[in-house]
Amino acid sequence: MWVLGVTERRVMGAFWVLNLVLFLVQVVGIKGAHGIGEHGVRIWPMPLSVSHGHKSLYVGKDFKIMSQGSKYKDASGILKDGFSRFLAVVKGAHVVDGDTSKLDQSRVLQGLNVFISSTKDELQYGIDESYKLLVPSPDKPTYAHLEAQTVYGALHGLQTLSQLCQFNFSSRVIEILMTPWIINDQPRFSFRGLLIDTSRHYQPLPIIKNVIDSMAYAKLNVLHWHIVDTQSFPLEIPSYPKLWDGAYSTSERYTMADAAEIVSYAQKRGINVLAELDVPGHALSWGKGYPSLWPSKDCQEPLDVSNEFTFKVIDGILSDFSKVFKYKFVHLGGDEVNTSCWTLTPHVSKWLKEHSMNESQAYQYFVLQAQKIALLHGYEIVNWEETFNNFGNKLSPKTVVHNWLGGGVAQRVVAAGLRCIVSNQDKWYLDHLDTTWEQFYMNEPLTNITKSEQQKLVIGGEVCMWGETVDASDIQQTIWPRAAAAAERLWTPYDKLAKEAKQVTGRLAHFRCLLNQRGIAAAPLAADTPLTQPGRSAPLEPGSCYLQ
Amino acid sequence: MQAQTVYGALHGLQTLSQLCQFNFSSRVIEILMTPWIINDQPRFSFRGLLIDTSRHYQPLPIIKNVIDSMAYAKLNVLHWHIVDTQSFPLEIPSYPKLWDGAYSTSERYTMADAAEIVSYAQKRGINVLAELDVPGHALSWGKGYPSLWPSKDCQEPLDVSNEFTFKVIDGILSDFSKVFKYKFVHLGGDEVNTSCWTLTPHVSKWLKEHSMNESQAYQYFVLQAQKIALLHGYEIVNWEETFNNFGNKLSPKTVVHNWLGGGVAQRVVAAGLRCIVSNQDKWYLDHLDTTWEQFYMNEPLTNITKSEQQKLVIGGEVCMWGETVDASDIQQTIWPRAAAAAERLWTPYDKLAKEAKQVTGRLAHFRCLLNQRGIAAAPLAADTPLTQPGRSAPLEPGSCYLQ
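Rendered as structure tokens:
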């Protein structure tokens with residue numbers, strides 16, 4: 001460093017001050033400018049760590065994926081299909097007919113180098129979903145770089161990369177602004193779910209697939225499929241083929257092959273399927289094909305606890321489930337059990353007396369029997385919280401308790417040493433149309449849970465799209481964008497979450513418009529006004545997507 | 001299957017697809033009730049759906065989904081109301097600042113995007129009728145070219161006194177002609193409030209110099225725009241106010257687009273002009289209180305008995321205005337009510353149901369078929385205090401076929 005004269009020192013001083021100012025502006029810029037427009041990080045959900053610059057790169061016409069250094073062989077094509085989908089969504093909103101060969105080639109990305117360390121493609125609870133994304137790659141500036149432990153981490157990386165891409169209306173090519181990007185990312189919780197309910201309304205396969213696609217965009221990873229309930233039984237059960245006589249109609253049914261198709265479609269997108277068989281309540285539809293499952297013709301719920309056949313059927317269903325649903329957990333329900341039909345029906349009431357059980361003990365007995373059967377089929381069990389509230393200490397010790405009734409439950413579950421999934425209905429029920437996206441965003445699963453070993457027992461959370469007023473016409477606009485708000489709460493590290501929901505309004509509006517551009521009917525963010533409810537509201541008036 | 005054209009064959013494939021169903025026992029596709037002998041052709045040649053991408057931008061995948069669904073109901077014209085007061089989303093290479101009037105840089109269509117829509121539609125047998133609504137409904141044009149406004153404080157209609165206005169219209173239609181190949185172009189002409197012309201000094205002066213009152217200036221504007229479109233090889237469609245105000249001055253091949261109400265089509269054809277029917281009391285999809293039964297029963301040839309006049313009604317169109325419609329709710333607002341109108345436009349008059357309720361089951365079935373194809377068609381639903389007929393959510397659990 002040469003010796004500076006007075007004038008030079010003043011200039012250099014100004015230079016350093018200017019740099020300091022620019023640096024501070026950049027820092028403030030990253031944290032503060034989450035609005036619409038050209039500045040600010042617009043990734044949803046927000047990654048664990050993000051840094052970016054002020055340059056830009058183009059995505060080459062023949063942008064390809066390269067994985068020579070990768071241990072993972074992609075025999076099942078998960079990575080290849082994921083890359084095709086990446087290209088399709090990035091190019092889907094506009095015709096990309098610009099010629100990148102006419103641009104400065106040092107600024108054109110030729111491809112993406114992917115390094116995946118694990119050779120396995122098993123999707124399961126608790127796998128490593130982390131990734132590291134560098135655009136451009138530090139050693140190959142005309143390539144982007146993606147590293148992950150598993151192919152599913154890589155899929156998340158592709159998702160993030162797709163959100164960095166945008167169409168340039170001047171050059172008519174895809175570009176990535178604000179490079180260089182250095183992104184390290186992994187989810188806060190391993191269980192990030194969405195429940196769909198195909199009993200209250202049948203959902204055709206293309207609709208379920210559209211929902212699965214949209215889940216992947218928000219990095220949700222569990223589709224909790226509440227398949228059957230009181231109103232209808234739409235799923236084929238080969239062991240007991242009359243069960244699906246309880247469907248609404250012959251065409252509103254899923255074959256086992258359809259179910260396998262859903263599981264496979266989800267798996268390719270890094271999404272597990274948690275199948276639910278809700279017992280003993282919410283099961284009236286089972287008796288359509290097998291009336292002996294009802295306590296009586298006039299009293300049809302819950303399932304007849306006194307009948308051995310009931311447990312044979314449960315065993316058959318879980319056996320058939322185990323051939324298709326490979327997620328480590330199965331959900332056995334157990335919520336909202338009104339036992340009066342047991343005491344009112346003579347043969348059941350007799351059985352209770354013979355076994356010295358009151359209603360409450362019979363309920364416990366039923367749940368535990370069902371648990372035993374599921375355990376024999378190799379599953380771990382999730383049950384709704386009433387089972388814990390009523391007889392928590394009797395549950396199989398590895399039971400995951402699914403909180404839904406309200407706040408304050410998760411802390412008691414983990415204090416008792418059990419795992420928990422959070423879905424408190426006051427904040428995370430999508431069918432509650434009066435719950436705002438801000439409330440979805442601010443619902444913290446670890447509220448009042450401070451001990452680290454207890455925090456670990458909260459495996460994650462789930463937003464619930466109950467189906468009473470939701471069919472193929474309105475499912476997506478009821479799910480989105482509010483599910484996205486919860487998706488960030490479940491993915492992003494606690495200290496990177498906004499302290500006030502309104503701070504992320506612009507970024508969420510942008511994500512909502514991105515969903516629309518991908519053919520997902522996400523509703524406007526909308527205010528809660530006398531004319532609209534926050535859930536499923538139509539736009540009130542003409543305007544830009546980004547402002548509604 | 002036989003057809004004169006490949007587009008007839010596409011309709012035949014559509015019908016065949018509706019004969020097929022999945023057999024849950026054998027797990028194969030079957031066709032019941034054979035042998036089938038079907039002869040089919042549409043009653044009207046113009047069976048349209050209007051979409052409005054000015055009040056809300058509609059991304060390409062959504063427009064494609066709409067086009068797919070139109071084909072399922074054998075609709076064959078996508079009337080694209082591209083620009084209006086609120087936004088100007090389309091690229092116009094001749095006047096590149098026009099799309100500064102878009103809501104945002106990303107809520108725009110390049111010419112290549114427009115060509116993609118035309119191509120996607122054509123493959124499905126659907127024509128695209130592009131609309132350039134002038135001189136009203138054009139405030140957004142001035143964002144990029146403020147001289148098109150009468151003044152900064154009075155921004156509609158387009159300045160009739162400015163030659164530049166007609167240069168721009170010419171440039172737009174020239175660019176249109178490279179992409180929109182349908183025989184017709186729609187030049188709008190509806191809801192023109194001329195007060196900004198009389199209130200703005202330089203325009204008012206021009207009117208005096210040309211011995212025109214407001215009404216004559218409106219006529220002048222429309223006819224000038226027509227001349228320009230004719231020079232580009234188009235035939236013209238105009239909204240009905242042009243006919244109502246100066247019908248005998250319109251280019252004689254003008255197709256009058258009825259929207260204000262019933263009783264207009266008969267006057268148009270009596271005057272020897274062609275007509276498209278879209279009476280708002282029955283065929284406006286943004287009117288959420290109009291039931292599917294009303295859509296079904298709206299007869300375009302009402303009170304038109306002479307055969308040569310009947311021929312002048314080339315068809316009809318349901319209109320999905322975009323004030324409260326974006327990507328989240330467009331399909332559930334269009335369907336199933338557009339399907340009711342689609343049958344009115346396709347099926348021969350004597351095969352239509354005399355009472356709409358007779359087709360409830362078949363329409364419900366078609367609605368469920370749309371759902372199975374990934375189209376978010378709404379339940380048929382009753383008009384109750386809790387719901388409106390358009391865009392209603394299902395009220396309670398139940399079978400698709402009964403809702």
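Read top to bottom, the protein sequences are chains A and B.
With UniProt numbering, the residue at position 239 of the first sequence is 239, and numbering never jumps.
With UniProt numbering, the residue at position 250 of the second sequence is 250, and numbering never jumps.
Using N, Cα and C, we set each Cβ at its ideal position, and we do this for glycine too.
Taking C-beta atoms as the reference points, residue 376 of chain A and residue 305 of chain A fail to come closer than 9 Å.
Between residue 218 of chain A and chain B, the shortest Cβ-Cβ separation is not below 9 Å. With respect to chain A, the C-beta atom of residue 223 of chain B has no partner C-beta closer than 9 Å. By the C-beta density criterion, residue 133 of chain B is buried, having at least 16 other C-beta atoms within 10 angstroms. Not one beta carbon of chain A lies nearer than 9 Å to the beta carbon of residue 275 of chain B. Taking a Cβ-Cβ threshold of 8 Å, the residues of chain A close to residue 322 of chain B are 542, in chain order. Residue-level contact by beta carbon holds for residue 205 of chain A and chain B, with a gap shorter than 9 Å. Listed in chain order, the non-local C-beta contacts of residue 309 of chain A below 8 Å within the same chain comprise 290, 292 and 293, local neighbours out to five positions each way being set aside. Around residue 321 of chain A, the same chain offers 275 as residues with beta carbons nearer than 6 Å, after the five sequence neighbours per side are excluded.
In this structure, residue 166 of chain A keeps its C-beta atom at 9 Å or more from the C-beta atom of residue 143 of chain A. Annotated three-state conformation of residue 133 of chain A is strand, per DSSP.
DSSP places residue 354 of chain A in the helix class (H, G or I) of the three-state scheme. Counting only the Cα atoms, residue 161 of chain B lies some 8 Å from residue 202 of chain B. In the three-state reduction of the DSSP assignment, residue 278 of chain A falls in the coil class. Spanning the alpha carbons of residue 288 of chain A and residue 244 of chain A requires a straight line of approximately 8 Å. Put simply, the CB of residue 121 of chain B is far from chain A, with every gap to its CB atoms at 9 Å or more.
For the pair residue 178 of chain A and residue 401 of chain B, the Cα-to-Cα distance works out to about 51 Å.
With respect to the 9 Å criterion, residue 353 of chain B and residue 296 of chain B are classified as neighbours on the basis of their beta carbons. Around the C-beta of residue 104 of chain A, fewer than 16 other C-beta atoms lie within 10 Å, and the residue is accordingly described as exposed. Of the candidates A:129, A:365 and A:175, A:365 places its Cα closest to the Cα of residue 390 of chain A. When C-beta distances to chain B are compared with 8 Å, the residues of the region 82-96 of chain A below that value are 92, 93, 94 and 95, in chain order.
Burial check for residue 473 of chain A: the Cβ neighbour count within 10 Å reaches 16 or more, so the residue is buried.
When secondary structure is reduced to three states using DSSP, residue 219 of chain A falls in the coil class, being assigned neither helix nor strand. The beta carbons of residue 159 of chain A and residue 219 of chain A sit about 6 Å from each other, so the pair counts as a contact at 8 Å. The alpha carbon of residue 495 of chain A has as its nearest neighbour, out of A:49, A:42, A:44 and A:43, the alpha carbon of A:49. Chain B places a beta carbon closer than 9 Å to that of residue 232 of chain A, counting this residue as a contact.
Linking residue 65 of chain A to residue 207 of chain A through their CA atoms gives a straight-line distance of about 30 Å. Unbroken alpha helix (DSSP H) stretches of 4 residues or longer found wholly inside the region 457-534 of chain A: 475-479, 482-491 and 505-517, given in chain order. Assigned with DSSP and collapsed to three states, residue 426 of chain A falls in helix. Annotated as proximal: residue 411 of chain A and residue 448 of chain A, with beta-carbon spacing under 9 Å.
In the DSSP assignment, residue 256 of chain B falls within the beta strand (DSSP E) that extends over 255-258. Taking the Cα of residue 56 of chain B as reference, the smallest distance to any Cα among B:232, B:360 and B:84 is reached at B:84.
When DSSP reads this structure, residue 83 of chain A sits in no beta bridge, so it has no partner. Our two residues, residue 149 of chain B and residue 141 of chain B, have alpha carbons roughly 8 Å apart in a direct line.
The beta carbon of residue 350 of chain A is closer than 8 Å to those of 306 in its chain, skipping five residues each way along the sequence. Look at residue 368 of chain B: its C-beta is under 9 Å from a C-beta on chain A.
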